[in-house]
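Residue numbers (mature numbering (1 follows the signal peptide of the UniProt record, and there is no 0)): -25 to -1, 1 to 1081. Just so you know, even glycine gets a beta-carbon here, dropped at the ideal spot from N, CA and C. Only a predicted model underlies this, so the values are computations on that prediction, with no experimental measurement involved. Read the structure below first, then the notes.
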């Protein structure tokens, strides 16, 4: 063939291709009219059917879908057409109500947010016009099912439909599977998060012979019927991916799964799969039939025995095994895993494995690319053979007990393939040098947080260094960076891809590193809390839309907050600048942070009012903490706020921004200047668990509408009158009414609060008796009734409150005897002192970021999340007088305290010896009563007692010498009684008590009092007679301490006067200037007195004359 023929051939071929392209492009004239009309009909249906948010209307829903001749439906939003034919191929009709996509990580929370009125029924027949439809996404739409006879069987005519996503809706009827079985062309079916429950009807899907991926995660399936389980799906020869996460399956489904031999990926995350009994073991053995299985995820289950791994080891094709978040124990399962020669991913995080990694079998896994041993109990050093794992990309050994020197020689030997390294929270010691990573060009994640504070991170190097890597995540929390350099690491100056920076708890100083934000435009997390940064908070000049989390709390920043902070960081979700020295007014631009969920400016010097936009426009704001500042004006309560912490300011009123604030759970406005009655709208919030209004000027009566379930604190206000009998608080845990002017008796309805743990109504004007119905408060721990006007006897029913830790009935007018049964109260002698039952139970709301780094099923655990418990004071605090002073006991300290105070009453009779049986008692005060009899010798058994006050009574007899055994006793007072005999020897704790502890007992003797005289006559002792009173001498007079000899008095007075007179004369003689000043002063006083009385007399005469 000559050259000319070849040229002609190629020319013709090129011309033919141009012609084909021209024909194909000329055929495309936009979307088909039938499908365009179908889309418009679908939009009309959606507008009618969906009950959207109030801000929605037809203009906001699919605004580009318009009936206009120049509008090509292939250019409409959520529509994808075939570029050649113009047919609609993809419809992305998901999330019309714009729910937060992170709800996908917490479906239960998503269900709670969706209101019933927002659900709607789907008319599937409206999708029939799209004959070439290949992918349909209807997820996150609150669809409650299909209109009758308009179900998914209608889609059977769409022969090209391969992908159907119905996730996160409310198709909670298994009958939907039968209609889906008619769409035989399906390759991917997603039914995640639909509240489907019961037995999974696998037989309904056997017609889907082309199915490749089935996802039924986040439902409530709990098993399968006999002979109708997953083995029915073995006819689906193309099924390669089966996702059963977040259901309630147990190990009974394992045998049926073994029939799905085409499976490549099997995920059973977060079920109840375990290894219980012989039958379960046999089932696991059958799993070895899955000869094509490459990915097996059994994380978040109930696996507690590693024997099942022998069956897993038989699956030679396995490349990825995830056993995280189980209960597996023992040593690293080297023998079981050594046979998995193709294993690339091994994740054993969050188990209870322990011991050392010393065996060679561990390093036989040479193909490993991901090794995650985090959150176990491994110890020792990493074995040297880890150097052979040259393919390692991810190495996470965080939160174990690995020890040894922190030098990274073993990491250096692994090779430069590493992308992810996490050595956080182990027992390493010494200096860890970062310049060893200089040549790791692929490194993206570097974590070395150190809670043990034993590692010093060297970031600079003696000769300097330049990194080849560009990090996405760096976490060096609590790494003692200040010991080697007190500044931010210099190598961060050349990093431009950072997503997360955590340098918290390092005592770094200098000014705020705004350059770190400037250089990294994709920065999402900046955590610099607990350092020594000073000066103003300078912000970058450009807007940073990716910044989501910013924590610069506990530093020394001062000055005003930049006015444009809300514009620079418009998408912040979490902003914490607490515990600094910032001042001035809050910038109004904060109201533009529409995604803000947490704002914490507590413990600064801010003043002025709170910008209204913060509460009206920031509708995502869940937590607002402005405590410990100088804000004034009105507290505005936003619509969706859950926690409002406003204590220790100067606010004068409180009001809701909207008519309803139903989401408020915690409100603390204590220590302000609010002068008002309790707002009625507070009683309309059924979700309000804790209301703290202490130390204000609230007055009036307590409204009956209040219905707290956690804490109600109205202490130290101006409330008067009696508590309303309509007050109904059956689930209340802590009630504080101390320091008001309440009167009357305790309403009996209060005794219906069976959950009550703390009752503090001290320092009021309550009267009457303690009702016997108090016995209904069986769970009560703290009972404080001091400083009232209660009368009558102390009822024996108090002894039925056996969980009491502290009981204070002091400063009342109780009479009668001390109940003999008080020893029946535990005073917490057997319970755990952790005080967990005093913690506020608030539903946590974590903020989970999407994992920034993922690799072959491994996802970085970027634990930047918040919980309500960070922003509520969960610790109970009470004041109880002991050791002569009112002490404050809070939280765990309160858990170790127990006390009984009956002082300042009119109690009579003897002290019950049974009180000595309360071995756990720390404080006992019975002073200022009219008790008689002896001090019980059983008090020597009060081994934990720290304070014992029996003063100002009529006790008699001797002080038991056995009290010396009370080795914890710090305060002992028996003053002003009728005690006699020798005081206990000054040994142990009694060697610290002074004379004041015994004074007022004239018949007591011995150190520290006067020495005792000769012993009494034996016969008198046996006769139990009192000590004789010493008689006066015969010439003694009746002397009284207040009488003075008149001769002595007058003589001393005269001498004193003469000395004073001559002293003044001498001073004036020495210094005449002082004499002149004194004369002028006396003259001025005379004239002032004269004119004063003259003016009064003149006015009086004028009044009489007129």
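Suppose you measure from the CA of residue 993 to the CA of residue 956; what does that come to, to the nearest Å?
Since pLDDT at residue 993 reaches only 40, below the 50 mark, its modelled position is unreliable, and no value is offered.
Look up residue 631 in the DSSP assignment and give the residues it is bridged to.
Looking at the DSSP assignment, residue 631 forms a beta bridge with 612.
Within the same chain, show all residues whose beta-carbon is closer than 6 Å to that of residue 464, passing over the 5 residues directly before and after it, in chain order.
434
How many angstroms separate the CA atom of residue 360 from the CA atom of residue 338?
6 Å
State the Cα-Cα distance for the pair residue 413 and residue 482, rounded to the nearest angstrom.
25 Å
DSSP state of residue 540, grouped into three classes?
helix
Compute the Euclidean distance between the alpha carbons of residue 652 and residue 401, then round it to the nearest angstrom.
55 Å
Does the distance from the C-beta atom of residue 1109 to that of residue 738 stay below 8 Å?
Coverage of the chain is limited to positions -25 through 1081, which leaves residue 1109 absent and any answer about it impossible.
DSSP state of residue 331, grouped into three classes?
strand
Is residue 1130 helix, strand or coil when you go by DSSP?
Because the chain in this structure spans residues -25 to 1081, residue 1130 falls outside the shown range and cannot be described.
Taking residue 779 as the reference, which of 749, 762 and 763 has the closest Cα?
749
Hey, residue 380 and residue 355: beta-carbon distance below 8 Å or not?
no
Would you decide whether residue 648 is buried or exposed? Buried here means 16 or more other CB atoms lie within 10 Å of its CB.
Exposed.
Just to check my reading of the structure: residue 639 and residue 662 have Cβ atoms closer than 8 Å, yes? What is that Cβ distance to the nearest angstrom?
7 Å
Using only CA atoms, which one of 937, 930, 1025 and 965 lies nearest to residue 1082?
Past the edges of the chain, shown from -25 to 1081, lies residue 1082, and the structure says nothing about it.
Taking Cβ positions, are residue 642 and residue 619 nearer each other than 8 Å?
yes
Taking one C-beta from the segment 783 to 795 and one from the segment 743 to 762 each time, how about it: are there three or more such pairs within less than 8 Å?
Contact between the segment 783 to 795 and the segment 743 to 762 is present: 3 or more CB-CB pairs across the two stretches fall below 8 Å.
Below 8 Å between beta carbons: does that hold for residue 353 and residue 377?
yes
Any beta carbon of chain B sitting closer than 8 Å to that of residue 127?
The question asks about chain B, but that chain is absent: this structure has only one protein chain.
My output table needs one value for residue 1082: the three-state DSSP class, helix, strand or coil.
Residue 1082 falls outside the range modelled here, since the chain spans only -25 to 1081, and no answer is possible.
Helix, strand or coil, according to DSSP, for residue 721 in the structure here?
coil
Just the Cα atoms here: how many angstroms apart are residue 280 and residue 539?
Each residue's alpha carbon lies about 57 Å from the other.
Quick check: what's the CA-CA separation for residue 850 versus residue 576?
21 Å
Looking at the strands, I want to know which residues DSSP matches up with residue 908.
930
Would you kindly report the start and end of the unbroken beta strand (DSSP E) that includes residue 742?
740 to 743
Output the distance between the C-alpha atoms of residue 212 and residue 184, rounded to the nearest integer angstrom.
The C-alpha of residue 212 lies about 7 Å from the C-alpha of residue 184.
For the structure I just gave you, are there three or more beta carbon pairs, one from the segment 91 to 100 and one from the segment 41 to 54, closer than 8 Å?
no
Could you pull the DSSP bridge partners for residue 674 from this structure?
693
Per DSSP, what are the beta-bridge partners of residue 379 in this structure?
403
Is the closest heavy atom of the ligand GTP to the C-beta of residue 623 under 7 Å?
Inclusion of the ligand GTP in the displayed structure is not the case, the ligand content being empty and no account of it being possible.
Counting pairs of Cβ atoms below 8 Å between the segment 291 to 302 and the segment 264 to 272, do you hit three or more?
Result yes; three or more Cβ-Cβ pairs closer than 8 Å.
Beta strand (DSSP E) containing residue 764: first to last residue?
764 to 768
According to DSSP, is residue 662 helix, strand or coil?
coil
Which residue or residues does DSSP assign as beta-bridge partners of residue 321?
296 and 346
With DSSP collapsed to three states, give me the class of residue 798.
helix
Less than 8 Å between the beta carbons of residue 608 and residue 588, yes or no?
no
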